[in-house]
Amino acid sequence: MAGRFITIEGGEGAGKSTAQLRLRATLESRGISVVCTREPGGTPLAESIRQTLLDVEGEAPVEMAELLLIFASRAQHLAKVIEPALAAGKWVICDRFTDATFAYQGAARGLSNELISTLERLVQEGRQPDAVILMDLQPHIGMERAKSRGALDRFEQEQHHFYERVRSGYLARVHENPARYTVIDAEQELQSVYNELDKLADRWISEHDR
Ligand code: T5A
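Structure (structure tokens):
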């Protein structure tokens, strides 16, 4: 049976990695083989691109270079990790994917959706997530969480309005295609978030078994 491709999205410190760990534990406890990965990153080459993108010391890429680096890392990640895992029947849970590109490079940096869609078609060749979870919260709450963890990366040093545009960009995508997304209120206490994730995992498993 083919695998399932699930992506987790949201602003800085929204709880994506925490949600990924919970989903993994829940799915594995039901006997599902899970691969957890992230973007940018997921392979040695893609992780080195991630380093370049997040580095606060080096030369900052211009918007177009940033976009192309993200899609270069995505091409590598798809070919080396995501597609082989899905072909082997595994469930792939990816911390961020192309919705992040529309939110960050599109809505926040101002590059056009048309340009991003063109690269999406070229690089992904039709591959889309089977489900997207959006961890939604007010940006200042996410930034407080991110700051409490230590040094901030290049994206975490943007101004407040940048994160507001990221959030609006995500919510606009949900509005355009609600069936694709499950929006989770990421301001809730962690146990409530876990309860929602567990219910979601149950639903996916029953859909998959049909
Ligand atoms: N990027 C990425 C683009 O610009 N374009 C793209 O196409 C892609 C793919 C790095 C950057 O890359 C950019 C955007 C990003 O800035 P990243 O490392 O995935 O991507 O981004 P971050 O958001 O910085 O990841 P974080 O690891 O900081 O945040 P998470 O994973 O959302 O949050 P998490 O789970 O680590 O939680 C943060 C803290 O909050 C606590 C956790 O315990 C942790 O301490 N927490 C909660 N506390 C209270 N209540 C809750 N409900 C909580 N949930 C979590």
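Under the numbering used here, the residues of the sequence shown are numbered 746 to 955, in order.
Every residue, glycine too, gets a C-beta built ideally from N, C-alpha and C.
Residues in the same chain with beta-carbon distance under 8 Å from residue i, minus the five sequence neighbours each way, listed in chain order, please.
{"i": "residue 845", "result": "754 and 784"}
{"i": "residue 909", "result": "884"}
{"i": "residue 763", "result": "935 and 938"}
Along the chain, where does the beta strand (DSSP E) that runs through residue i open and close?
{"i": "residue 881", "result": "876-881"}
{"i": "residue 887", "result": "Residue 887 -> not in any beta strand (DSSP E); alpha helix (DSSP H) instead, spanning 884-893."}
{"i": "residue 926", "result": "926-930"}
Do residue j and residue i come within 8 Å of each other at the CB atom, strictly closer than that value?
{"i": "residue 803", "j": "residue 795", "result": "no"}
{"i": "residue 894", "j": "residue 800", "result": "no"}
{"i": "residue 864", "j": "residue 816", "result": "yes"}
{"i": "residue 749", "j": "residue 953", "result": "yes"}
{"i": "residue 821", "j": "residue 790", "result": "yes"}
{"i": "residue 882", "j": "residue 917", "result": "no"}
{"i": "residue 851", "j": "residue 914", "result": "yes"}
Using C-beta distances below 7 Å, list every residue in its chain close to residue i, excluding the 5 sequence neighbours before and after it, in chain order.
{"i": "residue 946", "result": "768, 771 and 772"}
{"i": "residue 897", "result": "891"}
Less than 8 Å between the CB atoms is what I'm expecting for residue i and residue j, so what's the real figure, rounded?
{"i": "residue 797", "j": "residue 826", "result": "With a Cβ gap of about 19 Å, residue 797 and residue 826 do not count as contacting."}
{"i": "residue 780", "j": "residue 832", "result": "No, residue 780 and residue 832 are not in contact; Cβ-Cβ is about 12 Å, not under 8 Å."}
{"i": "residue 888", "j": "residue 759", "result": "With a Cβ gap of about 10 Å, residue 888 and residue 759 do not count as contacting."}
{"i": "residue 856", "j": "residue 808", "result": "6 Å"}
Quick one: give me the first and last residue of the alpha helix (DSSP H) that residue i is part of.
{"i": "residue 763", "result": "761-774"}
{"i": "residue 865", "result": "858-869"}
Excluding the 5 residues preceding and the 5 following residue i in the sequence, name in chain order all residues of the same chain whose CB lies nearer than 6 Å to its CB.
{"i": "residue 925", "result": "877"}
{"i": "residue 868", "result": "816, 819 and 820"}
{"i": "residue 901", "result": "757 and 891"}
{"i": "residue 778", "result": "835"}
Counting beta carbon pairs with one atom in the stretch 827-842 and one in the stretch 931-940, are three or more of them shorter than 8 Å? Between the stretch 931-940 and the stretch 827-842, the count of Cβ pairs shorter than 8 Å is below three; the stretches do not touch.
Pairs of beta-carbons, one from the stretch 747-758 and one from the stretch 841-853, closer than 8 Å: are there three or more?
yes
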